[in-house]
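S.K.:
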Amino acid sequence: MTLGEKIKEARKQAGVSQEELSGKLGVSRSAVAKWECDKGIPDVNNLKMLSQLLDISIDYLLDNGKALDKAVIKEPIDLSEYGKGSRRVKKDRIIREKYPKGVIHPLLAKAKPTKGEEALDWGIILVTDAPAGIPGLLHSFQNSGNQYYMVEQGVKQLLVLITDEFMVIRELAQKQYSDKFEIGNIKFTKCTYKVK
Numbered sequence: 000m001t002l003g004e005k006i007k008e009a010r011k012q013a014g015v016s017q018e019e020l021s022g023k024l025g026v027s028r029s030a031v032a033k034w035e036c037d038k039g040i041p042d043v044n045n046l047k048m049l050s051q052l053l054d055i056s057i058d059y060l061l062d063n064g065k066a067l068d069k070a071v072i073k074e075p076i077d078l079s080e081y082g083k084g085s086r087r088v089k090k091d092r093i094i095r096e097k098y099p100k101g102v103i104h105p106l107l108a109k110a111k112p113t114k115g116e117e118a119l120d121w122g123i124i125l126v127t128d129a130p131a132g133i134p135g136l137l138h139s140f141q142n143s144g145n146q147y148y149m150v151e152q153g154v155k156q157l158l159v160l161i162t163d164e165f166m167v168i169r170e171l172a173q174k175q176y177s178d179k180f181e182i183g184n185i186k187f188t189k190c191t192y193k194v195k
């Protein structure tokens, strides 16, 4: 997705016309149109303003990343209200209650290591003969209580994260059809167990 396509998509998701955006930025409507058609590039100050006005990061605009999620909702939860059982069983109950008619796929999630973590990992292997995957192991400890789900509800596909305190629901802009996929810096794999 090009910079212009990202600006256009984010503008539309914000419900703002080219004219309205140009007024807020203090540029002509034709300048916004040129950016969206990749016939011009906003300067640094305009990139900062676009980021603030459209609630997107500058990294997203300048990166060759994926499409922007359509909606993000964060809801508080109380695990103690979902009976007995492990945290995973309670989270399965929460997702089933929230989406009783949806097709729910539990997901395994693994953060991709950053370049610094990869270098650290190789340094540990070379110096100590330690097993590979130290950064991955650290990520798994940090996120051990989190559970991810893919929910298909009608034409929408949702990525849902449930922690011990809240649920974050993202409507995905690009559908994921594979059993293994990446969103941002996280690799997901659909689990074989079913949510009851």
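The end of the sequence shown is residue 195 by numbering that gives the first Met the number 0, with every number in the run present. The C-beta atom is built at its ideal place from N, Cα and C for all residues, glycine as well.
Whole angstroms are fine: how far does the CA of Tyr-192 sit from the CA of Val-31?
M.R.: So the alpha carbons of these two residues sit roughly 48 Å apart.
S.K.: Less than 8 Å between the C-beta atoms of Leu-158 and Met-149, yes or no?
M.R.: Yes, the Cβ-Cβ distance between Leu-158 and Met-149 is below 8 Å.
S.K.: What first and last residue would you give for the alpha helix (DSSP H) that runs through Tyr-59?
M.R.: 57–61 is the extent of the alpha helix (DSSP H) around Tyr-59.
S.K.: Taking the alpha-carbon positions, what's the Gln-17 to Leu-171 distance?
M.R.: Between Gln-17 and Leu-171, the C-alpha separation is close to 24 Å.
S.K.: By a C-beta neighbour count over all protein chains shown, 10 Å radius and 16 as the cutoff for buried, is Phe-165 buried or exposed?
M.R.: So Phe-165 ends up on the exposed side.
S.K.: Just reading off the alpha helix (DSSP H) that Leu-46 is part of, what are its end residues?
M.R.: Unbroken alpha helix (DSSP H) run through Leu-46: 43–53.
S.K.: Give a yes or no on contact between the stretch 15–29 and the stretch 174–191, applying the rule of three or more CB pairs nearer than 8 Å.
M.R.: Result no; under three Cβ-Cβ pairs closer than 8 Å.
S.K.: Do Ile-55 and Leu-46 have their CB atoms nearer than 8 Å?
M.R.: No, Cβ-Cβ distance for Ile-55 and Leu-46 is not below 8 Å.
S.K.: Going by beta-carbon coordinates alone, are Val-167 and Val-88 separated by less than 8 Å?
M.R.: No, these two residues do not count as a Cβ contact at 8 Å.
S.K.: How would you label Leu-61, buried or exposed, when you count the other beta carbons within 10 angstroms and need 16 or more for buried?
M.R.: Flag for Leu-61 reads exposed.
S.K.: Rounded to the nearest angstrom, what separates Ala-110 and Tyr-147 at their Cα positions?
M.R.: Cα to Cα, the separation comes out at about 13 Å.
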